[in-house]
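Protein chains in written order, with our numbering: chain A, 65 to 476; chain B, 65 to 476. A quick write-up on the structure given underneath.
There are 2 protein chains.
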Amino acid sequence: MSILVQKFGGSSVANPDRIKAVARRVVEAKDRGDDVVVVVSALGDTTDELIALARQISERPPKREMDMLLSTGEQVSIALLAMAIHELGRPVVSLTGAQGGIITDTTHTKAKILQINTERIERELSQGKIVIVAGFQGVTPGDDITTLGRGGSDTTAVALAAALKARECEIYTDVDGVYTADPRVVPSARKLADVSYGEMLEMASLGALVLQPRAVEFGAMYGVPIHVRSSFNREIGTYVREERVVEKDMVVIGVAHDVNVAKVGILDVPDRPGVASRIFSALAAEAINVDMIVQTTKEQQTTDMLFSVSRDDLARAKEIVEQVAAELGAKGVIVNDNVAKVSIVGAGMVSNPGVAARMFEALAKNDINIQVISTSEIKISCLVKAEDALKAVRAVHEAFGLSQPETQNAAL
Amino acid sequence: MSILVQKFGGSSVANPDRIKAVARRVVEAKDRGDDVVVVVSALGDTTDELIALARQISERPPKREMDMLLSTGEQVSIALLAMAIHELGRPVVSLTGAQGGIITDTTHTKAKILQINTERIERELSQGKIVIVAGFQGVTPGDDITTLGRGGSDTTAVALAAALKARECEIYTDVDGVYTADPRVVPSARKLADVSYGEMLEMASLGALVLQPRAVEFGAMYGVPIHVRSSFNREIGTYVREERVVEKDMVVIGVAHDVNVAKVGILDVPDRPGVASRIFSALAAEAINVDMIVQTTKEQQTTDMLFSVSRDDLARAKEIVEQVAAELGAKGVIVNDNVAKVSIVGAGMVSNPGVAARMFEALAKNDINIQVISTSEIKISCLVKAEDALKAVRAVHEAFGLSQPETQNAAL
Numbered sequence: 065m066s067i068l069v070q071k072f073g074g075s076s077v078a079n080p081d082r083i084k085a086v087a088r089r090v091v092e093a094k095d096r097g098d099d100v101v102v103v104v105s106a107l108g109d110t111t112d113e114l115i116a117l118a119r120q121i122s123e124r125p126p127k128r129e130m131d132m133l134l135s136t137g138e139q140v141s142i143a144l145l146a147m148a149i150h151e152l153g154r155p156v157v158s159l160t161g162a163q164g165g166i167i168t169d170t171t172h173t174k175a176k177i178l179q180i181n182t183e184r185i186e187r188e189l190s191q192g193k194i195v196i197v198a199g200f201q202g203v204t205p206g207d208d209i210t211t212l213g214r215g216g217s218d219t220t221a222v223a224l225a226a227a228l229k230a231r232e233c234e235i236y237t238d239v240d241g242v243y244t245a246d247p248r249v250v251p252s253a254r255k256l257a258d259v260s261y262g263e264m265l266e267m268a269s270l271g272a273l274v275l276q277p278r279a280v281e282f283g284a285m286y287g288v289p290i291h292v293r294s295s296f297n298r299e300i301g302t303y304v305r306e307e308r309v310v311e312k313d314m315v316v317i318g319v320a321h322d323v324n325v326a327k328v329g330i331l332d333v334p335d336r337p338g339v340a341s342r343i344f345s346a347l348a349a350e351a352i353n354v355d356m357i358v359q360t361t362k363e364q365q366t367t368d369m370l371f372s373v374s375r376d377d378l379a380r381a382k383e384i385v386e387q388v389a390a391e392l393g394a395k396g397v398i399v400n401d402n403v404a405k406v407s408i409v410g411a412g413m414v415s416n417p418g419v420a421a422r423m424f425e426a427l428a429k430n431d432i433n434i435q436v437i438s439t440s441e442i443k444i445s446c447l448v449k450a451e452d453a454l455k456a457v458r459a460v461h462e463a464f465g466l467s468q469p470e471t472q473n474a475a476l
Numbered sequence: 065m066s067i068l069v070q071k072f073g074g075s076s077v078a079n080p081d082r083i084k085a086v087a088r089r090v091v092e093a094k095d096r097g098d099d100v101v102v103v104v105s106a107l108g109d110t111t112d113e114l115i116a117l118a119r120q121i122s123e124r125p126p127k128r129e130m131d132m133l134l135s136t137g138e139q140v141s142i143a144l145l146a147m148a149i150h151e152l153g154r155p156v157v158s159l160t161g162a163q164g165g166i167i168t169d170t171t172h173t174k175a176k177i178l179q180i181n182t183e184r185i186e187r188e189l190s191q192g193k194i195v196i197v198a199g200f201q202g203v204t205p206g207d208d209i210t211t212l213g214r215g216g217s218d219t220t221a222v223a224l225a226a227a228l229k230a231r232e233c234e235i236y237t238d239v240d241g242v243y244t245a246d247p248r249v250v251p252s253a254r255k256l257a258d259v260s261y262g263e264m265l266e267m268a269s270l271g272a273l274v275l276q277p278r279a280v281e282f283g284a285m286y287g288v289p290i291h292v293r294s295s296f297n298r299e300i301g302t303y304v305r306e307e308r309v310v311e312k313d314m315v316v317i318g319v320a321h322d323v324n325v326a327k328v329g330i331l332d333v334p335d336r337p338g339v340a341s342r343i344f345s346a347l348a349a350e351a352i353n354v355d356m357i358v359q360t361t362k363e364q365q366t367t368d369m370l371f372s373v374s375r376d377d378l379a380r381a382k383e384i385v386e387q388v389a390a391e392l393g394a395k396g397v398i399v400n401d402n403v404a405k406v407s408i409v410g411a412g413m414v415s416n417p418g419v420a421a422r423m424f425e426a427l428a429k430n431d432i433n434i435q436v437i438s439t440s441e442i443k444i445s446c447l448v449k450a451e452d453a454l455k456a457v458r459a460v461h462e463a464f465g466l467s468q469p470e471t472q473n474a475a476l
């Protein structure tokens, strides 16, 4: 018997009617012959409401107790969904993260899954039951409840699919799949049939947040096919899997953009070993994520260091960097939050040298100035002025012919 | 080090301000030198809200899933109270029923506690922490979450006090203690300093619902002193313990009344063995609790059987009894929900034969007709017309001089 894991997010279970719709969808899958394991998030805005409640008690609640509190959100969902499935006459059982054997480390509020003990789930499946597991949560070896951080339900689902050797992990969401660009920005953006894990990782971390990066990493590590699709219709969505099946000739699969970004620069730092390490260790110590690091060394033995952070972190980053800059004898620090990041992603670009040039040309033709460029094997990112972001997305999407079905941009 | 168990009900933790007040109270107790274990119920009306949510999904939700759902209520409370205590700078940890080692049978929605594994609680206490345990819930040996039924938090608290050999179990509630009668009915009703477990059991099951009967049974079984007191002031409340210390000479300690009661009668049943068994087995099979059974056998070899049930059960009881009556060849069935039960309670009455007479005399003097009488060793109950109930309570309270402090009614 093959196992199918289905994950439904908070908007899919926001009210009793939607919960009943999810129940019907789960039962359809079961009736098609799979053993079905369902992962659900908390109802609608429950998590935010619980956080607000905690804030009325304490400005900085202990993280262990936050996890105790927040994990109730998914526990409510799994119970209600189990009731709805029972109402349709199917045997069903709901399990908390702990009951589902999801063992994590002790990093409360953003725990990492260490292992999954699948005995209980497998026993319930073998009795013909639909098994519902609370997303977003687990338990430490010492029996304390943990949560996996925002979007952790995706990770629960993919990790369970890996542990259970499921044939597929379906991620139900409020969009139809992964698009070549945000359809609100580019109306002609096209839904992709297939993307690779690497591409999805770049898309996800570049701001196309249909799927949590950690979930994609799990999928890649264990080779779990992930099917991102809408909970509001029956259409096939986008498959995230090792090898693109349909669109393997596409060089660039999509354009991502992220406006929650700010630029930080340290100018004229004396160029000697250990400078980068000093700067970025200080930021890491404060848990500030740094993206797009660019260093340019000038003639006169000094260097400019530019990087981007999320706007929420800018104030703290500036403080830290100013202090480090003074210690290092740098000339100055600049910060700018009037920027946005526009990126193209595609596993094929590694063997296609003309890709970067085509992107820069598209931006230039539209009078868009590039402030910072950063590349990896499968993506190219440019920082541009914030007000140019959407124009840039449209220009680049057009330049790579992404509105046309398949292989159109293959013959670069 | 002595252990104190404190239990706070839903109204005591109804909002963030009250939770903070409870936190201060807990910290005061800790600072006085006890190891403190706190049991809390769900916030205010949470349980009712969760039940309403379940009803939107299913008319008859599976009980296992109801427990999964309802147990989140207390989990929210323990997390918030832990945050509030942490905010006061004291080490604290919250534990679900399962984490607290509260093992129950598998009777979902009204599980019975089988045993308590106190290792985790004792370990946390030994580290100087205040330990908060979710009331009302436990876990089966097979790792399924259960709830103990309405008011189960009282039972959790007293059972924990027993298992931990606590010096006392404080039950904080919205009343000051146990009164000689409902103060809303008898303004001169007096708070009792002491009642015995047996008396408290009769008072509780007779409608003075300050303490769950099962909690009292636990207290009696393990000799746990229970201190019922108000969460809104610092006054000493009422002690429920083996031997009344202060008021041991009181013959009658209080007058209880219950208006949620209805009378059922089966008239002229052929008087032969097995009749009572047939009637009450049929009711028990439907989980209908029967109270005050009275049988009177007449000259002509038939018998009248009268008993009381709660008004909620009357419709179902009538149906069942009419069917059984037909099978037994009884002449008829009468039902009447225009009745109320008035009772006096006191461990001393067993050796004071004049008590019943004094009660009946008080009722007669006030033109109150008695419909059914039922007695145990420590209580006498009378069914009267519903509209006579409060007058009856006042008359009986007066007749036994219960407004006067102590020993006044001793010299009967």
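Note that CB positions come from ideal geometry on N, CA and C, so glycine has one too. Note that this is a predicted model, so its numbers are computed, not measured.
query                                                                                                                               : result
Simplified DSSP assignment, three categories, for I209 (chain B)                                                                    : strand
Start-end ranges of the beta strand (DSSP E) lying completely within the stretch 359-435 of chain A, minimum 3 residues             : 366-373, 396-400, 403-409
Beta-carbon contacts of K84 (chain B) that lie in its chain and below 7 Å, excluding the five residues immediately before and after : A148
Proximity of A456 (chain B) and V406 (chain B) at Cβ, strictly below 8 Å                                                            : yes
Unbroken beta strand (DSSP E) run spanning G318 (chain A), endpoints                                                                : 318-322
Secondary structure of K127 (chain B), DSSP reduced to three states                                                                 : helix
From A:V197, A:M65, A:T170, residue whose alpha carbon lies closest to that of P205 (chain A)                                       : A:T170
Inter-residue spacing [alpha-carbon to alpha-carbon] between A463 (chain A) and V333 (chain A)                                      : 38 Å
Per DSSP, cross-strand counterpart(s) of L497 (chain B)                                                                             : This structure cannot settle anything about residue 497 (chain B), because the visible part of chain B is limited to 65 through 476.
Minimum Cβ-Cβ distance from P205 (chain A) to chain B less than 8 Å                                                                 : no
CA-to-CA distance, G153 (chain B) to V104 (chain A), given in whole angstroms                                                       : 36 Å
Rounded straight-line distance, which links the Cα of V274 (chain B) to that of V249 (chain B)                                      : 16 Å
Sheet register partners of K449 (chain A) (DSSP bridge)                                                                             : A:V403
Q70 (chain B) - partner residues in DSSP beta bridges                                                                               : B:V102, B:E234
Beta-bridge pairing of A326 (chain B) - partner residues as DSSP gives them                                                         : B:V373
Top-ranked residue by Cα proximity to A320 (chain B), from B:D131, B:D246, B:V77                                                    : B:D246
Bridge partner(s) assigned by DSSP for G202 (chain B)                                                                               : B:T210
Residue environment, A417 (chain A), which counts as buried when at least 16 other CB atoms sit within 10 Å                         : Note that residue 417 (chain A) corresponds to Pro in the displayed sequence, not to Ala. Per the 10 Å Cβ criterion, exposed.
Counterpart residues of V239 (chain A) in DSSP-defined beta bridges                                                                 : Note: V239 (chain A) sits in no beta bridge, so no partner.
Residue of B:Q387, B:D431, B:R375, B:Y236 minimising C-alpha distance to A326 (chain B)                                             : B:R375
Exposed unless 16 or more other CB atoms sit within 10 angstroms - verdict on R278 (chain B)                                        : buried
Buried or exposed (CB count within 10 angstroms, at least 16 for buried), M356 (chain A)                                            : buried
Inter-residue Cα distance where the pair is I290 (chain B) and A93 (chain B)                                                        : 16 Å
Neighbour-count burial assignment, A475 (chain A), 16 or more Cβ in a 10 Å radius                                                   : Only weak support is given to the placement of A475 (chain A): the predicted model assigns it a pLDDT of 40, under 50, and the question is left unresolved by the model.
Test item: CB-CB of S295 (chain A) and T237 (chain A) under 8 Å                                                                     : yes
Residue environment, K443 (chain A), which counts as buried when at least 16 other CB atoms sit within 10 Å                         : buried
Contact set between the stretch 346-380 of chain A and chain B, restricted to residues whose Cβ is under 7 Å from the partner       : none
Among B:V239, B:V288, B:R214, B:V304, nearest to A257 (chain B) - alpha-carbon criterion                                            : B:V304
Straight-line gap, A411 (chain A) to T244 (chain A) (C-alpha atoms, nearest Å)                                                      : 14 Å
Cross-chain neighbours of A116 (chain A) in chain B, by beta carbon under 8 Å                                                       : Those within 8 Å of A116 (chain A) in chain B number zero; the least Cβ separation is about 10 Å.
Partners in chain A for K382 (chain B), counting only beta-carbon separations shorter than 8 Å                                      : Within 8 Å Cβ-Cβ: nothing; K382 (chain B) doesn't reach chain A, min ~30 Å.
Residues in the stretch 161-192 of chain A having any Cβ partner in chain B nearer than 9 Å                                         : A162, Q163, R184
Partners in chain A for M477 (chain B), counting only beta-carbon separations shorter than 8 Å                                      : Outside the shown range of chain B, which is 65 to 476, sits residue 477 (chain B), and nothing can be said about it.
CB contact check: V140 (chain A) to chain B, cutoff 8 Å                                                                             : yes
Chain E contact residues for H321 (chain A), given Cβ-Cβ distances below 7 Å                                                        : Of the protein chains in this structure, namely A and B, none is chain E.
Near-chain A residues of the stretch 197-228 of chain B - C-beta to any C-beta below 7 Å                                            : D207
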